[in-house]
Amino acid sequence: MTPEEIEAYVDAAAAALALPIAPEHRPGVLAYFALAAGYADLVNMQTLRPEDESAAGFLPVTPRSSAT
Amino acid sequence: MNAIAGGAKSGRDWHGASASGVARAVREGEARVGEIVGASLARIAGTDSTVNAFTDVLAERAMARARSLDAALGAEGEAATALRALPLLGVPFAVKNLFDIAGIPTRAGSIIGLSNAPARADALLVQRLEAAGAVLVGALNMDEYAYGFTTENTHYGPVRNPHDTTRIAGGSSGGSGAALAAGQVPLTLGSDTNGSIRVPASLCGVFGLKPTYGRLPRTGSYPFVHSLDVLGPLARSVTDLALAYDAMQGHDPHDAACASRPAEPLMPQLSGGVRGLRIAVLDGWFSDNAGPQARAAVSRVARALGTERRLTLQGAVRARAAAFLIGNSEGGALHLPDLRARAADFEPLSRDRFIAGALLPAAWVNQAQRARLRFAREVAQVLEGVDVLIAPATPHPATPIGSETMEINGARLPTRPNTGLLTQPISCIGLPVCAVPVWPEPDESGAALPVGVQVIAAPWREDLVMRVAAVLEAGGVASAPLARL
């Protein structure tokens with residue numbers, strides 16, 4: 000992402016989340032977003048297959064008094 | 000009733016004692032719990048203005064509990080006999096201040112946390128340690144919301160490394176490492192998401208155990224990243240780590256990530272040795288990003304274990320990137336309400352990182368989670384041919400407080416995020432690690448500061464990492480001497 004694209008994205012995403020960014024925090028936020036974008040490039044370079052599932056799993060919650 | 004039980008002091012200086020030594024002394028009537036806890040509190044009072052490990056010292060609670068234990072031990076009967084069998088009897092301990100402590104708000108390194116209602120109960124692991132006879136004496140300083148590797152906390156001040164008080168103690172469990180090195184307590188608890196037990200253990204020269212993700216329940220602790228958070232003990236000996244870990248094991252359904260596994264006690268396995276274990280040193284990322292003292296520490300460990308085998312984990316750099324994205328996103332999302340309402344109250348060193356994390360595209364985070372599982376499966380295949388992996392815990396020994404950059408093999412990098420670059424790929428996939436402290440040999444140049452080595456194994460194989468740690472400790476390669484304060 001170019002610096003201009005990062006600024007445009009951060010502003011739009013912050014608005015979508017109703018997250019105000021104070022002027023004094025903005026340079027740091029942009030810098031850290033750029034850092035994350037670099038890490039995302041590394042991760043996105045890997046071609047994943049449909050069977051490469053997410054590590055974020057969900058286990059259904061059994062009620063304590065579950066009838067058998 | 001002997002003189003000690005009657006109230007006489009033992010005359011011993013307890014601040015360097017191990018947890019196992021304290022428990023034995025109390026069990027055998029050589030010292031009262033009140034004396035030992037009092038000694039710990041006195042040591043804290045005498046050193047913490049320098050070290051700044053503690054945010055809360057619970058003297059009243061600790062001494063009340065000590066009196067209660069001493070009274071029970073002085074009685075005759077089965078109850079006293081059962082008490083004497085407790086493995087951590089009378090052991091003073093302290094916990095990172097993201098663990099709930101009944102009656103006080105859980106800070107988690109923040110000032111925002113002070114607005115919360117007091118915790119209604121102790122964290123589950125605190126309860127389990129006290130059930131094993133230990134005595135909580137206080138809560139420890141940390142990086143705010145666990146998002147740091149240096150414990151340079153703007154609200155509460157930096158934790159100072161007891162071995163050199165101009166340097167960091169590491170983070171985010173900086174107080175947990177420093178309190179041990181300073182001889183304030185023999186046992187602490189910390190948390191580790193990307194390295195926050197292993198980094199302070201490395202820089203403060205103590206042992207730290209980061210168990211497998213899902214091993215110890217996180218019930219009653221303030222989270223950072225649900226996908227990665229692990230709780231664990233730090234101590235000045237392998238035996239003390241094992242005693243604490245064994246006392247804390249056991250499933251709890253209130254932690255959705257806690258695996259439903261039976262307890263697997265470590266104490267009976269500590270003397271298993273390393274004969275027959277296939278051990279390799281991690282090369283590639285773990286060597287390229289290690290400074291000279293870190294590499295020397297790994298070499299010493301490898302020689303002691305009799306291995307020359309080296310192995311590269313393809314994908315380590317991508318795993319680190321994935322861990323960053325997952326942590327950044329989950330952490331930012333967790334704090335979104337406060338980031339909206341009171342961003343100025345956050346730690347300046349991590350606030351902007353949290354805000355950025357809250358904004359990350361879902362596609363990045365989803366890809367990171369998928370890459371994470373892929374890497375975990377690849378490493379599992381590697382671990383079919385090797386039992387234990389060795390790598391440095393930090394690129395260097397402790398850096399000066401306030402340091403903005405550090406050099407790693409010719410590259411100048413920001414200090415704070417990169418102090419954990421050797422721990423992140425391992426915790427990304429939830430592997431158990433014991434960080435063992437290694438000191439420079441007399442002929443090595445530089446200051447006499449420790450650097451930790453990660454002893455890593457397959458999931459649920461804490462027994463292997465601790466057997467290796469025990470051998471290294473017995474051989475004098477890993478040690479945790481007290482700092483001269």
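Quick note, the sequences are listed as chains L and B, same order.
If you read the first sequence in numbering that gives the first Met the number 0, its first letter stands for residue 0, the second for the next number, and so on.
If you read the second sequence in numbering that gives the first Met the number 0, its first letter stands for residue 0, the second for the next number, and so on.
Cβ coordinates follow ideal geometry from the N, Cα and C atoms, glycine included.
Between B:Ala246, B:Ile389, B:Ser270, B:Ser220, which has its C-alpha nearest Ala122 of chain B's C-alpha?
Sequence index remark: in the second sequence, residue 122 of chain B carries index 123 (1-based). Considering only alpha carbons, the answer is B:Ser220.
Just verifying my parser: in three-state terms, what is the DSSP assignment at Asp12 of chain B?
As a working mapping, residue 12 of chain B is identified with position 13 in the second sequence. The answer is coil: DSSP assigns Asp12 of chain B none of H, G, I, E or B.
So within the stretch 11-90 of chain B, which uninterrupted beta strand (DSSP E) runs reach at least 3 residues, ignoring any that extend past its ends?
53-56
Helix, strand or coil for Thr487 of chain B, going by three-state DSSP, please let me know.
Chain B is shown from 0 up to 484; residue 487 of chain B falls before or after that span and cannot be answered.
In whole angstroms, give me the CA-to-CA distance for Leu47 of chain L and Ala116 of chain B.
The count along the first sequence starts at 1 and reaches residue 47 of chain L at position 48. The count along the second sequence starts at 1 and reaches residue 116 of chain B at position 117. Cα to Cα, Leu47 of chain L sits roughly 45 Å from Ala116 of chain B.
From the DSSP output, read off the bridge partner residues of Ser220 of chain B.
Position 221 of the second sequence, counting from 1, holds the residue named residue 220 of chain B. Partner(s): B:Phe98.
From the beta carbon of Ala14 of chain L, is the nearest beta carbon of chain B less than 8 Å away?
The residue labelled residue 14 of chain L in the question sits at position 15 within the first sequence. Taking Cβ atoms only, chain B never reaches closer than 8 Å to Ala14 of chain L, which makes this a no.
Evaluate Met0 of chain B with the Cβ neighbour count: other Cβ atoms within 10 Å of its Cβ, from every protein chain shown; 16 or more gives buried, anything less gives exposed.
Stepping through the second sequence from its first residue, residue 0 of chain B is reached at position 1. Note that Met0 of chain B has pLDDT 42, beneath the 50 cutoff, so the model's placement of it is unreliable and no number is given.
Going along chain L in order, which residues have a C-beta closer than 7 Å to the C-beta of Asn327 of chain B?
Counting from one through the second sequence, the residue named residue 327 of chain B turns up at place 328. Within chain L, the residues near Asn327 of chain B are Ala35.
By the three-class DSSP mapping on this structure, what secondary structure does Tyr19 of chain L have?
Counting from 1 along the first sequence, the entry for residue 19 of chain L is found at position 20. As written in the sequence, residue 19 of chain L is Pro, which differs from the Tyr given in the question. In the displayed model, Pro19 of chain L falls within coil according to three-state DSSP, outside both helix and strand.
Anything in chain B within Cβ reach of Pro62 of chain L, meaning under 8 Å, just list it in chain order.
Taking the first residue of the first sequence as position 1, residue 62 of chain L is located at position 63. Under the 8 Å cutoff, chain B gives no residues; its nearest Cβ is about 11 Å from Pro62 of chain L.
DSSP on Pro59 of chain L, reduced to helix/strand/coil?
Numbered from its first residue, the first sequence carries residue 59 of chain L at position 60. Judged by DSSP in its simplified three-state form, Pro59 of chain L adopts coil rather than helix or strand.
Which residues share a DSSP beta bridge with Arg166 of chain B?
Reading the second sequence from its first residue, position 167 is the one you call residue 166 of chain B. Answer is B:Pro399, bridged to Arg166 of chain B.
My assumption, with CB atoms under 8 Å, is that Arg31 of chain B sits in contact with His14 of chain B. Please give the rounded CB distance.
As a position in the second sequence, residue 31 of chain B is number 32, starting the count at 1. As a position in the second sequence, residue 14 of chain B is number 15, starting the count at 1. Not quite, the Cβ-Cβ distance comes to about 16 Å (not below 8 Å), so this is no contact.
Quick check on Pro267 of chain B: does DSSP put it in helix, strand or coil?
Here residue 267 of chain B refers to the residue found at position 268 of the second sequence. In this structure, Pro267 of chain B counts as helix in the three-state DSSP scheme.
From B:Ala370, B:Leu338, B:Arg302, B:Leu420, pick the residue whose C-alpha is nearest to that of Ala279 of chain B; which is it?
As a working note, residue 279 of chain B is residue 280 in the second sequence. The option with the nearest alpha carbon to Ala279 of chain B is B:Arg302.
Ignoring anything shorter than 4 residues or poking outside the stretch 122-185 of chain B, list the alpha helix (DSSP H) runs there in chain order.
The stretch 122-185 of chain B contains these whole alpha helix (DSSP H) runs: 123-130, 173-180.
Would you mind telling me which residues of chain L sit closer than 7 Å to Leu359 of chain B, beta carbon to beta carbon, in chain order?
For the purposes of this step, residue 359 of chain B is taken as the residue at position 360 of the second sequence. Going along chain L in sequence order, the residues near Leu359 of chain B (Cβ under 7 Å) are Ala35.
Enumerated in chain order, which unbroken segments of the alpha helix (DSSP H) with a length of 4 residues or greater are wholly contained in the stretch 233-285 of chain B?
237-247
Could you tell me the alpha carbon to alpha carbon distance between Ala200 of chain B and Leu82 of chain B, rounded to whole angstroms?
Translated into the one-based positions of the second sequence, residue 200 of chain B becomes position 201. Translated into the one-based positions of the second sequence, residue 82 of chain B becomes position 83. Cα-Cα distance, rounded: 31 Å.
His253 of chain B burial status per 10 Å Cβ neighbour count (16 or more: buried)
Position 254 of the second sequence, counting from 1, holds the residue named residue 253 of chain B. Exposed, since its Cβ has fewer than 16 Cβ neighbours within 10 Å.
Closer than 7 Å, Cβ to any Cβ of chain L: which residues of the stretch 419-440 of chain B, in chain order?
none
Distance between beta carbons of Val158 of chain B and Ala190 of chain B, contact taken as under 8 Å
On the second sequence, position 191 is the one that residue 190 of chain B refers to. On the second sequence, position 159 is the one that residue 158 of chain B refers to. The identity of residue 190 of chain B in the sequence shown is Ser, whereas the question assumes Ala. Not a contact, Cβ separation roughly 15 Å.
Applying the criterion that 16 or more other CB atoms from any shown protein chain within 10 Å of the CB defines a buried residue, is His24 of chain L buried or exposed?
Translated into the one-based positions of the first sequence, residue 24 of chain L becomes position 25. Per the 10 Å Cβ criterion, buried.
For Lys8 of chain B, count neighbouring C-beta atoms within 10 Å of its own C-beta (all shown protein chains included) and say buried if the count is 16 or more, exposed if not.
By one-based count along the second sequence, residue 8 of chain B stands at place 9. It is exposed - the Cβ of Lys8 of chain B has fewer than 16 other Cβ atoms within 10 Å.
Can you tell me the Cα-Cα spacing of Ala16 of chain B and Ser298 of chain B, whole angstroms?
Here residue 16 of chain B is taken as the residue at index 17 of the second sequence, counted from 1. Here residue 298 of chain B is taken as the residue at index 299 of the second sequence, counted from 1. So the two alpha carbons sit approximately 30 Å from each other.
Inter-residue spacing [alpha-carbon to alpha-carbon] between Pro49 of chain L and Gly56 of chain L
Within the first sequence, numbered from 1, the residue matching residue 49 of chain L stands at position 50. Within the first sequence, numbered from 1, the residue matching residue 56 of chain L stands at position 57. The straight-line gap from Cα to Cα measures roughly 16 Å.
Looking at the C-beta of Ile354 of chain B, does it have a partner C-beta in chain L at a distance below 8 Å?
Here residue 354 of chain B corresponds to residue number 355 of the second sequence, with the count starting at 1. With 8 Å as the cut-off, Ile354 of chain B counts as an interface residue toward chain L.
When the Cα atoms are used, what is the spatial distance from Glu263 of chain B to Pro396 of chain B?
Here residue 263 of chain B corresponds to residue number 264 of the second sequence, with the count starting at 1. Here residue 396 of chain B corresponds to residue number 397 of the second sequence, with the count starting at 1. Distance between the alpha carbons of Glu263 of chain B and Pro396 of chain B is about 33 Å.
If you draw a straight line from the C-alpha of Glu27 of chain B to the C-alpha of Leu338 of chain B, how long is it?
Taking the first residue of the second sequence as 1, we reach residue 27 of chain B at position 28. Taking the first residue of the second sequence as 1, we reach residue 338 of chain B at position 339. Their backbone Cα atoms lie some 53 Å apart in a straight line.
Can you tell me the Cβ-Cβ gap for Phe148 of chain B and Gly419 of chain B, rounded? I've got them flagged as a contact below 8 Å.
Counting from one through the second sequence, the residue named residue 148 of chain B turns up at place 149. Counting from one through the second sequence, the residue named residue 419 of chain B turns up at place 420. Confirmed, Cβ separation roughly 4 Å.
Classify Glu50 of chain L as helix, strand or coil using the three-state DSSP reduction.
Taking the first residue of the first sequence as position 1, residue 50 of chain L is located at position 51. Reduced to three states, the DSSP call for Glu50 of chain L is coil.
To the nearest angstrom, how far is it from the Cα of Ile3 of chain B to the Cα of Asp344 of chain B?
Position 4 of the second sequence, counted from the start, is the residue given in the question as residue 3 of chain B. Position 345 of the second sequence, counted from the start, is the residue given in the question as residue 344 of chain B. With a pLDDT of 49 at Ile3 of chain B, under the threshold of 50, the modelled position of that residue is not reliable, and no figure is offered here.
Comparing alpha-carbon positions, which option in B:Asn96, B:Leu88, B:Ile103 lies nearest Ala130 of chain B?
As a working note, residue 130 of chain B is residue 131 in the second sequence. For the options B:Asn96, B:Leu88, B:Ile103, the alpha carbon positioned closest to that of Ala130 of chain B is the one of B:Leu88.
Compute the Euclidean distance between the alpha carbons of Ala145 of chain B and Gln380 of chain B, then round it to the nearest angstrom.
Taking the first residue of the second sequence as position 1, residue 145 of chain B is located at position 146. Taking the first residue of the second sequence as position 1, residue 380 of chain B is located at position 381. Rounded to whole angstroms, Ala145 of chain B to Gln380 of chain B spans 32 Å at the Cα level.
Does any residue of chain L have a CB that is nearer than 8 Å to the CB of Trp284 of chain B?
Within the second sequence, residue 284 of chain B is the residue found at index 285, counting from 1. Output row for Trp284 of chain B: interface = no.
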